[in-house]
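Quick note, the sequence shown lines up with residues -3 to 337 if you use the numbering used here. Here the structure comes first, spelled out in C-alpha coordinates, and everything after it is commentary.
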Amino acid sequence: MDNVLIIAEAGVNHNGDMVLAKELIDIAKESGADIVKFQSSKLDKLVSKTAEKASYQKVNTRDTSQSQYEMVKRLTFDLETVLEISEYSNKKGIKFLSTPFDIDSIQELLDNSLIDLIKIPSGEIVNLYYLEYISHLDLPVIMSTGMSYLSEIESALKILISNNLNLDDITILHCNTEYPTPMEDVNLKAMQTIGDAFKVDVGYSDHTLGIEVPIAAVAMGAKVIEKHFTIDRNMEGPDHAASLEPDELKLMVSGIRNIEKAISGTGIKQPSNSELKNIDIARKSLHTANPLRKGQSIVAKDIIPLRPGTGISPMDINKIIGLKVNRDISVGEVLKFEDFR
(Lines of atoms letter the chains of each structure in order from A and count residues from 1; the text may use other names and numbers.)
(Lines give C-alpha, C1' and ligand atoms only; values in the text may rest on other atoms or scores of the structure.)
Protein backbone atom coordinates (compact mmCIF):
# COMPACT_ATOMS: atom_id res chain seq x y z
CA MET A 1 0.00 0.00 0.00
CA ASP A 2 1.06 3.61 -0.52
CA ASN A 3 2.19 5.47 2.56
CA VAL A 4 -0.47 7.43 4.39
CA LEU A 5 -0.12 11.13 3.65
CA ILE A 6 0.36 12.92 6.96
CA ILE A 7 -0.50 16.62 7.00
CA ALA A 8 0.80 18.55 9.99
CA GLU A 9 -1.70 21.39 10.30
CA ALA A 10 0.03 24.55 11.53
CA GLY A 11 -3.08 26.45 10.48
CA VAL A 12 -3.21 29.73 12.38
CA ASN A 13 -1.16 28.51 15.33
CA HIS A 14 1.57 30.90 14.23
CA ASN A 15 -0.49 33.66 15.92
CA GLY A 16 0.43 36.02 13.09
CA ASP A 17 4.16 35.72 13.84
CA MET A 18 6.44 34.61 10.99
CA VAL A 19 9.17 33.52 13.41
CA LEU A 20 6.68 31.23 15.13
CA ALA A 21 5.53 29.96 11.73
CA LYS A 22 9.08 28.92 10.91
CA GLU A 23 9.40 27.15 14.27
CA LEU A 24 6.25 25.22 13.40
CA ILE A 25 7.78 24.20 10.07
CA ASP A 26 10.85 22.93 11.92
CA ILE A 27 8.64 20.88 14.24
CA ALA A 28 6.65 19.42 11.35
CA LYS A 29 9.84 18.40 9.55
CA GLU A 30 11.34 16.81 12.67
CA SER A 31 8.13 14.86 13.29
CA GLY A 32 8.37 13.05 9.96
CA ALA A 33 5.12 14.50 8.57
CA ASP A 34 4.82 14.77 4.79
CA ILE A 35 3.24 18.23 4.57
CA VAL A 36 3.09 21.32 6.74
CA LYS A 37 -0.13 23.24 6.11
CA PHE A 38 -1.17 26.81 6.76
CA GLN A 39 -4.27 28.80 5.75
CA SER A 40 -4.84 31.54 3.16
CA SER A 41 -7.75 33.92 2.91
CA LYS A 42 -8.78 37.36 1.76
CA LEU A 43 -10.39 38.74 4.87
CA ASP A 44 -13.29 40.49 3.16
CA LYS A 45 -14.02 37.34 1.14
CA LEU A 46 -14.16 35.16 4.23
CA VAL A 47 -16.03 36.77 7.09
CA SER A 48 -18.26 39.76 7.74
CA LYS A 49 -17.26 42.37 10.30
CA THR A 50 -20.21 41.43 12.49
CA ALA A 51 -19.67 37.65 12.54
CA GLU A 52 -19.27 36.21 16.01
CA LYS A 53 -16.58 33.75 16.92
CA ALA A 54 -17.50 30.12 17.56
CA SER A 55 -17.89 29.23 21.21
CA TYR A 56 -14.63 27.25 21.22
CA GLN A 57 -12.86 30.25 19.64
CA LYS A 58 -14.12 32.54 22.40
CA VAL A 59 -12.81 30.14 25.02
CA ASN A 60 -9.47 29.45 23.36
CA THR A 61 -8.73 33.07 22.49
CA ARG A 62 -9.80 34.14 26.00
CA ASP A 63 -11.69 37.05 24.45
CA THR A 64 -15.49 37.15 24.19
CA SER A 65 -15.70 40.70 22.84
CA GLN A 66 -13.46 40.33 19.79
CA SER A 67 -15.28 39.59 16.52
CA GLN A 68 -14.35 36.72 14.22
CA TYR A 69 -13.28 39.33 11.66
CA GLU A 70 -10.80 40.87 14.08
CA MET A 71 -9.48 37.48 15.11
CA VAL A 72 -8.92 36.32 11.53
CA LYS A 73 -7.33 39.64 10.56
CA ARG A 74 -4.71 39.19 13.26
CA LEU A 75 -4.01 35.63 12.12
CA THR A 76 -3.81 36.23 8.35
CA PHE A 77 -0.44 36.41 6.59
CA ASP A 78 0.08 38.62 3.55
CA LEU A 79 1.48 37.19 0.32
CA GLU A 80 5.04 38.28 1.07
CA THR A 81 5.02 36.34 4.33
CA VAL A 82 3.44 33.28 2.72
CA LEU A 83 6.16 33.30 0.06
CA GLU A 84 8.84 33.45 2.74
CA ILE A 85 7.47 30.60 4.82
CA SER A 86 6.92 28.52 1.69
CA GLU A 87 10.55 29.05 0.73
CA TYR A 88 11.59 28.15 4.26
CA SER A 89 9.58 24.91 4.04
CA ASN A 90 11.31 24.01 0.80
CA LYS A 91 14.73 24.61 2.36
CA LYS A 92 13.79 22.40 5.27
CA GLY A 93 12.67 19.64 2.92
CA ILE A 94 9.01 19.46 3.85
CA LYS A 95 6.19 20.14 1.41
CA PHE A 96 4.31 23.41 1.96
CA LEU A 97 0.54 23.64 1.58
CA SER A 98 -2.00 26.32 2.38
CA THR A 99 -5.76 25.92 2.55
CA PRO A 100 -7.49 28.64 0.51
CA PHE A 101 -10.81 29.87 1.89
CA ASP A 102 -11.88 31.86 -1.19
CA ILE A 103 -11.39 31.97 -4.94
CA ASP A 104 -8.98 34.92 -4.85
CA SER A 105 -6.73 33.02 -2.46
CA ILE A 106 -6.78 29.95 -4.69
CA GLN A 107 -5.68 32.00 -7.64
CA GLU A 108 -3.00 33.86 -5.70
CA LEU A 109 -1.51 30.59 -4.48
CA LEU A 110 -1.55 29.18 -8.00
CA ASP A 111 -0.12 32.33 -9.60
CA ASN A 112 2.84 32.14 -7.23
CA SER A 113 3.35 28.38 -7.65
CA LEU A 114 2.68 27.82 -3.97
CA ILE A 115 0.41 24.79 -4.27
CA ASP A 116 -0.05 21.77 -6.53
CA LEU A 117 -2.86 20.37 -4.41
CA ILE A 118 -6.14 21.95 -3.31
CA LYS A 119 -7.30 21.43 0.27
CA ILE A 120 -10.97 22.31 0.71
CA PRO A 121 -11.85 23.21 4.31
CA SER A 122 -15.04 21.93 5.88
CA GLY A 123 -16.78 25.29 5.82
CA GLU A 124 -16.51 25.63 2.03
CA ILE A 125 -18.23 22.36 1.16
CA VAL A 126 -21.46 24.33 0.54
CA ASN A 127 -19.77 27.15 -1.44
CA LEU A 128 -21.04 26.61 -4.99
CA TYR A 129 -18.87 29.07 -6.93
CA TYR A 130 -15.78 28.07 -4.95
CA LEU A 131 -16.34 24.39 -5.77
CA GLU A 132 -17.07 25.15 -9.42
CA TYR A 133 -13.83 27.11 -9.66
CA ILE A 134 -11.86 24.18 -8.28
CA SER A 135 -13.59 21.78 -10.66
CA HIS A 136 -11.88 23.52 -13.59
CA LEU A 137 -8.41 23.06 -12.12
CA ASP A 138 -6.36 20.04 -13.07
CA LEU A 139 -5.15 19.44 -9.51
CA PRO A 140 -5.77 16.74 -6.90
CA VAL A 141 -8.22 17.71 -4.18
CA ILE A 142 -8.51 16.82 -0.50
CA MET A 143 -11.86 17.83 0.95
CA SER A 144 -12.76 17.97 4.64
CA THR A 145 -16.36 17.28 5.59
CA GLY A 146 -16.87 18.55 9.11
CA MET A 147 -20.50 19.52 9.89
CA SER A 148 -21.67 17.76 6.71
CA TYR A 149 -24.48 15.41 5.86
CA LEU A 150 -23.72 12.65 3.37
CA SER A 151 -26.07 14.35 0.91
CA GLU A 152 -23.98 17.56 1.08
CA ILE A 153 -20.82 15.60 0.33
CA GLU A 154 -22.58 14.06 -2.66
CA SER A 155 -23.61 17.50 -3.94
CA ALA A 156 -20.09 18.86 -3.56
CA LEU A 157 -18.63 15.84 -5.35
CA LYS A 158 -20.99 16.27 -8.29
CA ILE A 159 -19.80 19.84 -8.69
CA LEU A 160 -16.12 18.92 -8.38
CA ILE A 161 -16.30 16.23 -11.07
CA SER A 162 -18.42 18.30 -13.43
CA ASN A 163 -15.36 19.52 -15.35
CA ASN A 164 -11.67 18.49 -15.21
CA LEU A 165 -11.71 16.41 -12.05
CA ASN A 166 -12.66 12.77 -11.58
CA LEU A 167 -13.09 10.69 -8.44
CA ASP A 168 -9.52 9.40 -8.64
CA ASP A 169 -8.34 12.99 -8.10
CA ILE A 170 -10.30 13.42 -4.86
CA THR A 171 -9.76 12.29 -1.28
CA ILE A 172 -12.51 12.96 1.24
CA LEU A 173 -11.65 13.47 4.89
CA HIS A 174 -14.13 12.61 7.60
CA CYS A 175 -13.97 15.39 10.18
CA ASN A 176 -15.71 16.84 13.19
CA THR A 177 -15.48 20.61 13.49
CA GLU A 178 -15.42 21.01 17.25
CA TYR A 179 -12.13 21.95 18.91
CA PRO A 180 -11.48 19.65 20.70
CA THR A 181 -13.84 16.96 19.43
CA PRO A 182 -15.44 14.82 22.17
CA MET A 183 -14.56 11.16 21.69
CA GLU A 184 -18.19 10.16 21.55
CA ASP A 185 -18.66 12.46 18.53
CA VAL A 186 -15.76 11.11 16.44
CA ASN A 187 -17.83 8.47 14.61
CA LEU A 188 -14.91 6.96 12.68
CA LYS A 189 -17.25 4.53 10.94
CA ALA A 190 -18.57 7.51 8.97
CA MET A 191 -15.22 7.61 7.16
CA GLN A 192 -15.87 4.14 5.83
CA THR A 193 -19.44 5.09 4.98
CA ILE A 194 -18.10 7.91 2.79
CA GLY A 195 -15.71 5.57 1.01
CA ASP A 196 -18.39 2.96 0.40
CA ALA A 197 -20.93 5.53 -0.80
CA PHE A 198 -18.72 7.37 -3.29
CA LYS A 199 -15.92 4.89 -4.12
CA VAL A 200 -13.24 7.44 -3.28
CA ASP A 201 -10.11 7.42 -1.16
CA VAL A 202 -10.88 8.59 2.35
CA GLY A 203 -8.96 10.03 5.28
CA TYR A 204 -9.49 11.77 8.55
CA SER A 205 -8.96 15.32 9.77
CA ASP A 206 -8.68 15.10 13.54
CA HIS A 207 -9.53 17.60 16.27
CA THR A 208 -9.57 15.26 19.26
CA LEU A 209 -7.09 15.50 22.09
CA GLY A 210 -4.33 12.92 21.77
CA ILE A 211 -3.05 10.69 19.00
CA GLU A 212 -5.04 7.47 19.22
CA VAL A 213 -7.95 8.40 16.94
CA PRO A 214 -5.88 9.28 13.84
CA ILE A 215 -3.86 6.10 14.35
CA ALA A 216 -7.11 4.13 14.57
CA ALA A 217 -8.32 5.85 11.39
CA VAL A 218 -5.29 4.53 9.53
CA ALA A 219 -6.10 1.01 10.72
CA MET A 220 -9.61 1.58 9.32
CA GLY A 221 -8.38 2.60 5.88
CA ALA A 222 -7.48 6.30 6.00
CA LYS A 223 -5.17 7.37 3.18
CA VAL A 224 -4.66 10.90 4.53
CA ILE A 225 -4.37 12.13 8.12
CA GLU A 226 -4.53 15.82 9.02
CA LYS A 227 -3.78 16.96 12.56
CA HIS A 228 -3.28 20.37 14.16
CA PHE A 229 -0.08 20.94 16.09
CA THR A 230 1.42 23.76 18.12
CA ILE A 231 4.51 24.68 20.09
CA ASP A 232 2.49 24.96 23.29
CA ARG A 233 -1.13 23.95 23.79
CA ASN A 234 -1.52 26.65 26.46
CA MET A 235 -0.89 29.50 24.03
CA GLU A 236 -3.69 31.95 23.32
CA GLY A 237 -5.40 31.33 19.99
CA PRO A 238 -8.41 29.53 18.52
CA ASP A 239 -6.79 26.18 17.71
CA HIS A 240 -3.93 25.67 20.17
CA ALA A 241 -6.01 23.83 22.77
CA ALA A 242 -6.98 21.09 20.30
CA SER A 243 -3.48 20.71 18.86
CA LEU A 244 -0.62 18.31 19.46
CA GLU A 245 2.59 19.49 21.04
CA PRO A 246 5.88 18.59 19.30
CA ASP A 247 6.60 15.29 21.07
CA GLU A 248 3.01 14.18 20.55
CA LEU A 249 3.20 14.93 16.82
CA LYS A 250 6.31 12.75 16.57
CA LEU A 251 4.54 9.95 18.42
CA MET A 252 1.52 10.19 16.12
CA VAL A 253 3.64 10.02 12.98
CA SER A 254 5.62 7.09 14.39
CA GLY A 255 2.41 5.32 15.41
CA ILE A 256 0.91 5.76 11.95
CA ARG A 257 4.03 4.41 10.26
CA ASN A 258 3.95 1.37 12.55
CA ILE A 259 0.28 0.75 11.78
CA GLU A 260 1.03 1.00 8.06
CA LYS A 261 3.47 -1.89 8.46
CA ALA A 262 1.05 -3.83 10.65
CA ILE A 263 -1.76 -3.76 8.07
CA SER A 264 0.42 -4.29 5.00
CA GLY A 265 0.49 -8.10 5.14
CA THR A 266 -1.03 -10.56 2.69
CA GLY A 267 -3.94 -11.48 4.93
CA ILE A 268 -2.95 -15.15 4.73
CA LYS A 269 -2.85 -16.66 8.20
CA GLN A 270 0.45 -18.50 8.46
CA PRO A 271 3.61 -18.27 10.57
CA SER A 272 5.70 -15.23 9.73
CA ASN A 273 9.39 -15.49 8.97
CA SER A 274 10.23 -13.88 12.30
CA GLU A 275 8.26 -16.42 14.37
CA LEU A 276 9.20 -19.67 12.63
CA LYS A 277 12.19 -20.05 14.95
CA ASN A 278 9.87 -19.99 17.98
CA ILE A 279 7.65 -22.89 17.01
CA ASP A 280 9.79 -25.60 18.56
CA ILE A 281 10.39 -23.49 21.67
CA ALA A 282 6.80 -22.45 22.41
CA ARG A 283 4.96 -25.61 21.38
CA LYS A 284 4.95 -28.97 23.15
CA SER A 285 5.68 -32.44 21.91
CA LEU A 286 5.16 -35.85 23.50
CA HIS A 287 7.65 -36.89 26.17
CA THR A 288 7.82 -39.99 28.35
CA ALA A 289 6.20 -39.70 31.77
CA ASN A 290 7.47 -43.15 32.82
CA PRO A 291 10.47 -45.30 31.87
CA LEU A 292 9.66 -47.64 28.98
CA ARG A 293 11.20 -51.04 28.19
CA LYS A 294 11.80 -52.23 24.65
CA GLY A 295 8.66 -54.00 23.40
CA GLN A 296 6.36 -52.29 25.92
CA SER A 297 3.03 -50.99 24.62
CA ILE A 298 2.34 -47.28 25.16
CA VAL A 299 -0.63 -46.23 27.29
CA ALA A 300 -1.83 -42.66 27.95
CA LYS A 301 -0.25 -42.41 31.42
CA ASP A 302 3.19 -43.07 29.90
CA ILE A 303 3.09 -39.81 27.89
CA ILE A 304 3.14 -36.11 28.79
CA PRO A 305 3.14 -33.05 26.47
CA LEU A 306 6.14 -30.84 27.29
CA ARG A 307 8.25 -28.22 25.61
CA PRO A 308 10.18 -28.29 23.33
CA GLY A 309 8.07 -29.19 20.35
CA THR A 310 10.79 -31.12 18.54
CA GLY A 311 9.06 -34.49 18.70
CA ILE A 312 5.61 -35.92 18.04
CA SER A 313 2.84 -33.34 18.22
CA PRO A 314 0.28 -33.79 21.02
CA MET A 315 -2.31 -33.66 18.24
CA ASP A 316 -0.96 -37.10 17.14
CA ILE A 317 -1.12 -38.77 20.55
CA ASN A 318 -3.78 -41.25 19.42
CA LYS A 319 -1.50 -42.43 16.62
CA ILE A 320 0.98 -43.93 19.09
CA ILE A 321 -1.29 -45.22 21.90
CA GLY A 322 -1.01 -49.01 21.83
CA LEU A 323 2.19 -49.09 19.77
CA LYS A 324 5.28 -50.87 21.12
CA VAL A 325 8.55 -49.03 21.64
CA ASN A 326 11.60 -50.43 19.86
CA ARG A 327 14.14 -49.36 22.47
CA ASP A 328 14.49 -48.66 26.18
CA ILE A 329 13.40 -45.05 26.86
CA SER A 330 14.05 -43.18 30.08
CA VAL A 331 11.73 -40.63 31.74
CA GLY A 332 11.54 -37.19 30.06
CA GLU A 333 12.80 -38.19 26.61
CA VAL A 334 11.29 -36.64 23.47
CA LEU A 335 9.39 -39.27 21.53
CA LYS A 336 9.82 -39.68 17.76
CA PHE A 337 7.80 -41.84 15.39
CA GLU A 338 10.92 -43.92 14.77
CA ASP A 339 10.76 -45.03 18.45
CA PHE A 340 7.78 -47.28 17.62
CA ARG A 341 7.06 -50.38 15.59
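Glycine included, each C-beta is placed from N, C-alpha and C at the ideal position.
Exercise for review: Take residue 136 and list the residues in its own chain whose beta-carbon comes closer than 6 Å to its own, dropping the five residues that flank it on each side.
Suggested key: Cβ neighbours of residue 136 beyond the five flanking positions: 113 and 165.
Exercise for review: Could you say which of 134, 49 and 184 lies nearest to residue 211 if we only look at CA atoms?
Suggested key: Among 134, 49 and 184, the Cα nearest to that of residue 211 belongs to 184.
Practice item. Ignore the nearest five residues each way along the sequence and tell me which others in residue 98's own chain have a CB closer than 8 Å to its CB. Key: Hits under 8 Å: 37, 38, 41, 42 and 126.
Check your understanding: Could you give the distance in angstroms between the alpha-carbon of residue 332 and the alpha-carbon of residue 325?
Key -> Between residue 332 and residue 325, the alpha-carbon positions lie close to 11 Å from each other.
**Study point:** Host beta strand (DSSP E) of residue 87 (start-end)
**Key:** Per DSSP, residue 87 belongs to no beta strand (DSSP E); it is in the alpha helix (DSSP H), 75 to 88.
Review point. Who are the near neighbours of residue 323 in its chain, counting only those whose CB is closer than 8 Å to its CB and skipping five residues on each side?
Key: Excluding positions up to five away in sequence, the list reads 290 and 335.
Check your understanding: Of all the options 152, 303 and 284, which has the alpha carbon lying nearest to the alpha carbon of residue 295?
Key -> Here the closest residue by C-alpha is 284.
Check your understanding: If residue 168 sits next to residue 139, beta carbons under 8 Å apart, how far is it from one beta carbon to the other, in whole angstroms?
Key -> For residue 168 against residue 139, the beta-carbon gap comes to about 5 Å, under 8 Å, which counts as contact.
Practice item. Please name the residue or residues paired with residue 96 in a DSSP beta bridge. Key: Partner(s): 36.
Review point. Going by the CB atoms, is the gap between residue 128 and residue 155 shorter than 7 Å?
Key: Yes, Cβ-Cβ distance for residue 155 and residue 128 is below 7 Å.
Review point. When the Cα atoms are used, what is the spatial distance from residue 10 to residue 82?
Key: Their Cα atoms are separated by approximately 14 Å.
Review point. How many whole angstroms separate the CB atoms of residue 417 and residue 24, which I take to be in contact at a CB cut-off of 8 Å?
Key: Given a span of -3 to 337 for the chain in the structure shown, any question on residue 417 remains unanswerable.
Practice item. Look up residue 179 in the DSSP assignment and say whether it is helix, strand or coil. Key: When secondary structure is reduced to three states using DSSP, residue 179 falls in the helix class.
Review point. From 279, 108, 94 and 195, pick the residue whose C-alpha is nearest to that of residue 116; which is it?
Key: Taking only the C-alpha atoms, the option nearest residue 116 is 94.
Review point. Can you tell which of 216, 170, 178 and 182 has its C-alpha closest to the C-alpha of residue 200?
Key: For the residues 216, 170, 178 and 182, the minimum Cα distance to residue 200 belongs to 170.
Check your understanding: When DSSP builds the beta bridges, which residues end up paired with residue 141?
Key -> Residue 141 has no beta-bridge partner at all, per DSSP.
Practice item. Over the uninterrupted alpha helix (DSSP H) stretch that includes residue 276, give me the two end residues. Key: Residues 275 to 278.
Check your understanding: Sorted by chain position, which residues of the same chain lie with C-beta nearer than 6 Å to residue 71's C-beta, five sequence neighbours on each side aside?
Key -> The residues are 8 and 12.
Check your understanding: What is the DSSP secondary structure of residue 284, counted as helix, strand or coil?
Key -> Residue 284: strand per DSSP, three-state reduction.
Check your understanding: Under 7 Å between the Cβ atoms of residue 111 and residue 144?
Key -> Residue 111 is not a Cβ neighbour of residue 144, given a cutoff of 7 Å.
Check your understanding: What are the residues that DSSP puts in a beta bridge with residue 170?
Key -> When beta bridges are read from the DSSP output, residue 170 appears opposite 200.
Review point. For residue 4, which three-state DSSP category applies?
Key: DSSP places residue 4 in strand when its eight states are reduced to three.
Point to revise | Close-in-space but distant-in-sequence residues of the same chain around residue 307 (CB under 8 Å, 5 per side omitted) | key: Closer than 8 Å at Cβ, skipping near neighbours: 281, 282, 283, 330, 331 and 332.
Check your understanding: When the Cα of residue 160 is compared with those of 133, 229, 21 and 303, which residue comes out closest?
Key -> Answer by Cα proximity: 133.
Check your understanding: Expressed to the nearest angstrom, what Euclidean distance is found between the alpha-carbon atoms of residue 270 and residue 245?
Key -> Answer to the nearest angstrom: the Cα atoms are 30 Å apart.
Practice item. Whole angstroms is fine: what's the gap from residue 4's alpha carbon to residue 300's? Key: Residue 4 and residue 300: Cα-Cα distance of roughly 58 Å.
Exercise for review: Below 8 Å CB to CB, which residues in the same chain sit around residue 219 once its five sequence neighbours on both sides are set aside?
Suggested key: Closer than 8 Å at Cβ, skipping near neighbours: -2, 0, 1, 167, 197, 198 and 199.
**Study point:** Element boundaries [beta strand (DSSP E), containing residue 302]
**Key:** Segment 299 to 302, the beta strand (DSSP E) holding residue 302.
Point to revise | Spatial neighbours of residue 150 in its chain, beta-carbon cut-off 8 Å, leaving aside the 5 residues before and after | key: Cβ within range, chain order: 193 and 194.
Check your understanding: Whose C-alpha, out of 45, 75, 293 and 50, is nearest the C-alpha of residue 319?
Key -> Per the Cα distances, 293.
Point to revise | Rounded C-alpha distance that separates residue 73 from residue 107 | key: Looking at the two C-alpha atoms, the distance is approximately 17 Å.
**Study point:** residue 222, DSSP secondary structure in three states
**Key:** The answer is strand: DSSP assigns residue 222 an E or B state.
Review point. Looking at the structure shown, is residue 20 part of a helix, part of a strand, or coil, going by DSSP?
Key: It is helical.
Check your understanding: Short check: CB of residue 190 to CB of residue 214, under 7 Å?
Key -> No, the pair does not count as a contact, with Cβ atoms beyond the cut-off.
Review point. Unbroken beta strand (DSSP E) runs of length 3 or more, entirely within the region 214 to 261: which are they?
Key: If we require 3 residues or more, the beta strand (DSSP E) runs fully inside the region 214 to 261 come out as 220 to 224.
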